[in-house]
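Peer 1:
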DNA sequence: CTGAAAGCGCTTACAG
DNA sequence: CTGAAAGCGCTTACAG
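Chains as they are written, first to last, in full-length UniProt numbering: chain A, 1 to 347; chain B, 1 to 347.
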């Protein structure tokens, strides 16, 4: 005997009202050709009984689970909270639930995570791939959020343009020598951002790039980045490719007696939760997570409806590149021309 | 006509092998009284066909969805990544999927989030309640992660003991005047931590508590905490109730020329992702998220199995208080007695 | 406008 | 050891 579901079901409502289940179903879904008075009575009775429709029954009948999957490369990623929140909101708005899966570690774990989601019957999924990983289509529609330069990408922030905005901002502050600080030279996102920065430098500016991962391989984890020395060499701006690196740079500079922003500027990317809170607050280029999530989910849902839930397709979106927004919180720099004024956040 | 599910089902496997669906089901689930040779043949054929069992069918029949819910007070919370990762891992290990819900904002939103999960058929859920919110039992088993002093709590880190460890550590470094920095005086977690700190001070130490939320109400967002002045007043240790506040304190001190840890110590809680990365790295008391998640999920699953999925119960655990671990990264302080040595992380 | 009936895919007593 | 059958709760053509 199947375990009883405690709550009332359609049939209970039907018999208790002396009508058929079909009519109850129609009334509740609003699709039906049911007289308004009966429909009203049914709705009332249903809510009185605390009726909650069974997803299982519905899913079995319609073939749609009403659930999407979210696969993260590494859930501990500081960007994750905003992304997950945005995805959850967009999905809920579209009437879907969100099942999470952490593809921590290697590519194998990612594949496993994807399979788990498939087994749970997701109709489609959003994947933020591991660095430089290619998604081999799963057996359901897949939306990929990465960089525009990732093949098969569905939607992404315009990291390149974000980098360009950073460079323009630094140029206006009068900086000449920029140190770009990245973590991983293999990351598509970081490369796009760095490329954008370089492309936005004016003729009299120059940049060098420091990859922390390489440095740490040589000198050990948590080693000094040697930024104070860079200041002595003439660098006045430190453009990190993520706020996490920017924070590391900022605290190291301050520890070594470099006053920010008076002696050097520090910029980041992503507008992580603490970026506005530290002193001085970080100038940063932020993704519009809400919009990105909306586009990803909307395209995903459209594809699901067009192709059916169980076909493996890489989803494409009309807009695949969402502009990044520069948030200026350090509005002066070592060489800021006095006549320039900037829009800052807290004023 | 119900929309066809593309993949093979039990019946397809059965007919193609000339056996009954019951036998296939039994063979695949391993429960059956099926001869090993037949079972092996069936398993082989199933995997050949790429058979993926239908959760919907199973759920409808058994009354269990195989899914748990995770309700977060504010998904953008910096603690969330570690928690979600730990929960996802524990749930996956227990054979469950995890549906997320963000109860951003008010209590009403929290209730709504809970209802959404119920509608999706979760068998139980883990809730991290909003500050000082009481969970009125939903119509399924609920495990609550908060403070031990929260009524109806299932499992929590021992925030009080964490605070005590921080105090002991500061005492050993020779600090006499401690400024405790919190965000919200209404938070159970923060109050437990602060209480622990105070309880761990020795007779010749004294502490004052600064609540940022109150300060900002008076002076505006992003206002200075005035910590440099506190240093001049004789405070040498700043014990923040979360790494986020610790970071704010650290950067403000550094900006104002206070060298950390030579002139003042800064400690935090939670070991957030950037805590080891900044300069100087933060001394902090960390929760064992893995263990907390494990206990929460295990107790939840046990309760589900005991009471059935659709009963509203507040889950209790055998161990409801998990010790916090002190991670010492600033091993010296302004007044550190030379003869003391500390275990530090990077050495 | 309303109802009887079929069937989505699965599991589980029960009979053989 | 294997199979026939019932039924979980729902939706949807179809008939009335």
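All residues carry an ideal CB built from backbone N, CA and C; glycine is no exception. Treat the numbers as computed from the prediction; the structure is a model and nothing was measured.
1. Taking only the alpha-carbon atoms, compute the straight-line gap between residue 53 of chain A and residue 24 of chain A and give it to the nearest angstrom.
2. Starting from the C-beta of residue 234 of chain A, find all residues in its chain whose C-beta is less than 7 Å away, skip the five residues before and the five after it, and write them out in chain order.
3. Name the chain A residues whose beta carbon is nearer than 8 Å to that of residue 65 of chain B?
4. Grab me the residues of residue 199 of chain A's own chain with a C-beta within less than 8 Å of its C-beta, minus the 5 sequence neighbours each way, in chain order.
5. Report the neighbours of residue 92 of chain A on chain B: residues whose CB is nearer than 9 Å to its CB, in chain order.
6. Quick one: does residue 12 of chain A have its CB under 8 Å from some CB of chain B?
7. Closest to residue 86 of chain A by CA distance: which of A:324, A:38, A:139, A:296 is it?
8. Drop a sphere of 10 angstroms on the beta-carbon of residue 271 of chain A, count the other beta-carbons inside from all chains shown, and report buried for 16 or more, exposed for fewer.
9. Give a yes or no on whether the C-beta atoms belonging to residue 145 of chain B and residue 128 of chain B are separated by under 8 Å.
10. In chain order, which continuous runs of the alpha helix (DSSP H) of length 4 or greater are located wholly inside the region 200–224 of chain B?
11. Using a Cβ cut-off of 9 Å, pull out every chain B residue sitting near residue 305 of chain A, in sequence order please.
12. Under 8 Å: do the region 178–195 of chain B and the region 239–246 of chain B share three or more Cβ pairs, one atom per stretch?
13. Can you tell me whether residue 78 of chain B is buried or exposed, with buried defined as 16 or more other CB within 10 angstroms of its CB?
14. I'd like to know if residue 277 of chain B contacts chain A, where contact means its C-beta is closer than 8 Å to some C-beta of that chain.
15. I need the straight-line Cα distance from residue 47 of chain A to residue 330 of chain A, nearest angstrom please.
16. Of all the residues that make up the region 262–286 of chain B, which are near chain A by a beta-carbon distance shorter than 9 Å?
17. Is the number of C-beta pairs between the region 316–328 of chain B and the region 285–305 of chain B that are closer than 8 Å three or more?
18. Strictly below 7 Å CB to CB, what residues from chain A border residue 232 of chain B?
19. Using the three-state DSSP reduction, which class does residue 289 of chain B fall into: helix, strand or coil?
20. With a threshold of 8 Å between beta carbons, is residue 52 of chain A in contact with chain B?
21. Would you list the one or two residues that DSSP bridges to residue 321 of chain B?
22. What does DSSP give as the partner residues of residue 283 of chain A in its beta bridges?
23. For residue 243 of chain A, which three-state DSSP category applies?
24. Give every residue of the same chain whose Cβ lies closer than 8 Å to the Cβ of residue 319 of chain B, excluding the five residues on either side of it in the sequence, and list them in chain order.
25. With a threshold of 8 Å between beta carbons, is residue 59 of chain A in contact with chain B?
26. For chain A, check one thing: does any of its Cβ atoms lie closer than 8 Å to the Cβ of residue 17 of chain B?
27. What does a CB cutoff of less than 8 Å around residue 299 of chain B pick up in its chain, not counting 5 residues either side in sequence?
28. Less than 8 Å between C-beta atoms, sequence neighbours within five positions excluded: which residues of the same chain meet that for residue 194 of chain B?
29. Using a C-beta to C-beta distance shorter than 8 Å, which residues of chain A count as neighbours of residue 238 of chain B?
30. Applying the 10 Å Cβ sphere with the 16-neighbour rule, what's the burial state of residue 15 of chain A?
31. Just verifying my parser: in three-state terms, what is the DSSP assignment at residue 168 of chain A?
32. First and last residue of the alpha helix (DSSP H) that includes residue 33 of chain A?
33. By the criterion of Cβ-Cβ separation under 7 Å, what are the contact partners of residue 124 of chain A in chain B?
34. Can you find a C-beta in chain A that's less than 8 Å from the C-beta of residue 119 of chain B?
35. Just to confirm my understanding: we take residue 290 of chain A, look at its own chain, exclude 5 residues before and 5 after, and list those with CB closer than 6 Å. What are they?
Peer 2: The relevant details are as follows:
1. C-alpha separation (whole angstroms): 12 Å.
2. 177
3. Residues of chain A whose Cβ lies closer than 8 Å to the Cβ of residue 65 of chain B are, in chain order, 55, 56.
4. 160, 163, 164, 167
5. 101, 102, 113, 116
6. no
7. A:296
8. Burial call: buried.
9. yes
10. For the region 200–224 of chain B, whole alpha helix (DSSP H) runs of length 4 or above, ordered along the chain, are 212–219.
11. In chain order: nothing, as chain B lies at least about 11 Å away.
12. In short, these stretches touch, since the Cβ pair count reaches three.
13. Burial of residue 78 of chain B is indicated by the presence of at least 16 other C-beta atoms within 10 angstroms of its C-beta.
14. yes
15. 55 Å
16. 272, 273, 274, 276, 277, 278, 279, 280, 281
17. When C-beta atoms of the region 316–328 of chain B are compared with those of the region 285–305 of chain B, three or more pairs fall below 8 Å, so the two segments count as touching.
18. Ordered by position in chain A, no residue passes the 7 Å Cβ test against residue 232 of chain B, which lies about 17 Å from the chain.
19. helix
20. yes
21. Secondary-structure assignment with DSSP links residue 321 of chain B through a beta bridge to B:156.
22. A:267
23. Correct three-state label for residue 243 of chain A: helix.
24. Cβ-Cβ distances below 8 Å link residue 319 of chain B to 155, 295 in the same chain, with the five nearest sequence neighbours on each side left out; the list follows chain order.
25. Among the CB atoms of chain B, one or more fall inside 8 Å of the CB of residue 59 of chain A.
26. Not one beta carbon of chain A lies nearer than 8 Å to the beta carbon of residue 17 of chain B.
27. Closer than 8 Å at the Cβ level, and outside the excluded window around residue 299 of chain B, lie 143, 154, 155, 315, 316, 317, 318.
28. The residues are 163, 180, 182, 209, 241.
29. Those do not exist, as residue 238 of chain B stays about 13 Å from chain A at its closest Cβ, beyond 8 Å.
30. exposed
31. helix
32. Run containing residue 33 of chain A: none; DSSP gives neither H nor E here.
33. Per Cβ cutoff of 7 Å: no residues; residue 124 of chain A is ~14 Å from chain B at best.
34. yes
35. 86
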